[in-house]
Amino acid sequence: MSTAVKSYAAVDLGASSGRVMVGRVGPGSLELTEAHRFPNRPVRVPEGLRWDVLGLYAGVLDGLKAAGAVDSVGIDSWAVDYGLLDADGALLGSPCTTATVGPTGSRKRCGRRFRPRSCMRRPVFSTRRSTRCTS
-10 MSTAVKSYAA VDLGASSGRV MVGRVGPGSL ELTEAHRFPN RPVRVPEGLR
40 WDVLGLYAGV LDGLKAAGAV DSVGIDSWAV DYGLLDADGA LLGSPCTTAT
90 VGPTGSRKRC GRRFRPRSCM RRPVFSTRRS TRCTS
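Anchor point for the sequence shown: position 29 equals 18 in our numbering, and the numbering is continuous, going up by one each time.
What follows is the structure in structure tokens.
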């Protein structure tokens, strides 16, 4: 069994800031440190708020530099925010933030068929609004 300490970087992109954490795992030890924290400042455009992709990218790179050598990197963001890519994998525009939302109508349609409380117990429905983004 290896006694080497392994290092892992975790990137967390939050609503108002991002951070890079480093976890070092060895035999019988676990150490967590914050390597870097950076602001997340969405940009307002006529369609709503968009992620500042280049600012976030710079913050992540600065954090990974501060983290030093790592064995693996993981990145976490929201499941409802997304960016569209072309056939070559290039980003087509700045991704929408969760602040650019509108009602999906799914809960309303569910409420016409079932009792409203039963809609909330169905995994596909929730009170959260989903992100809708148009380019």
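Glycine residues also receive a C-beta, built at the ideal position from the N, C-alpha and C atoms.
All figures in this text were calculated on a predicted structure; none of them were measured in a lab.
Contact check, residue i vs residue j under 8 Å by CB: the rounded distance?
i	j	result
Ala24	Val14	Their Cβ separation, rounded to whole angstroms, is 16 Å, which puts Ala24 and Val14 out of contact at 8 Å.
Gly7	Leu43	Wrong, their Cβ atoms sit about 13 Å apart, outside the cutoff.
Trp40	Pro31	6 Å
Val0	Val59	Actually they do not touch by this definition, with Cβ atoms about 11 Å apart.
Leu2	Ser66	4 Å
Mind checking which residues open and close the beta strand (DSSP E) that includes residue i?
i	result
Tyr(-3)	-5 to 2
By the three-class DSSP mapping on this structure, what secondary structure does residue i have?
i	result
Ala81	At residue 81 the sequence reads Leu, which differs from the Ala that was named. Of the three classes helix, strand and coil, the one that applies to Leu81 here is coil, per DSSP.
Leu73	coil
Problem - 4 or more residues per run - each alpha helix (DSSP H) lying fully within the stretch 4 to 70 - result: 42 to 56
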